[in-house]
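Just so you know, we're using numbering that gives the first Met the number 0 here: the sequence shown kicks off at 0 and counts up by one.
Encoded as structure tokens, the structure appears first; notes follow it.
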Amino acid sequence: MSGSKGSLGEVRFLTVAEVAAIMRVSKMTVYRMVHSGTLPAIRVGRSYRVPKRDVDNYLREAFVHAG
């Protein structure tokens with residue numbers, strides 16, 4: 000069964016620090032986005048992981064709205 004989103008095994012997760020580096024923002028900004036629901040994430044122990052495709056989608060939408 001193959002859906003358009005792919006299986007969970009194909010999902011690449013990024014750490015908060017990696018997301019912050021990609022977006023050129025602080026880790027606190029990423030945490031705020033996660034807690035507000037702006038950026039989906041899963042909790043792994045005491046830390047969060049953000050699917051890379053959600054970061055890509057957020058940046059794509061933010062870019063379109065900016066211009």
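The C-beta atom is built at its ideal place from N, Cα and C for all residues, glycine as well.
Residue i, buried or exposed, once every other Cβ within 10 Å from all chains shown has been counted against 16
i	result
ARG48	buried
ALA40	buried
MET27	exposed
LEU58	exposed
VAL15	buried
Proximal residues to residue i (C-beta, below 7 Å), its chain only, five neighbours per side dropped
i	result
ASP53	LEU38, PRO39
SER25	ALA19
Quiz prompt | Inside the stretch 7 to 52 only - alpha helix (DSSP H) runs reaching at least 4 residues | solution = Taking only runs of at least 4 residues, the alpha helix (DSSP H) segments lying wholly in the stretch 7 to 52 are 15 to 22, 26 to 35.
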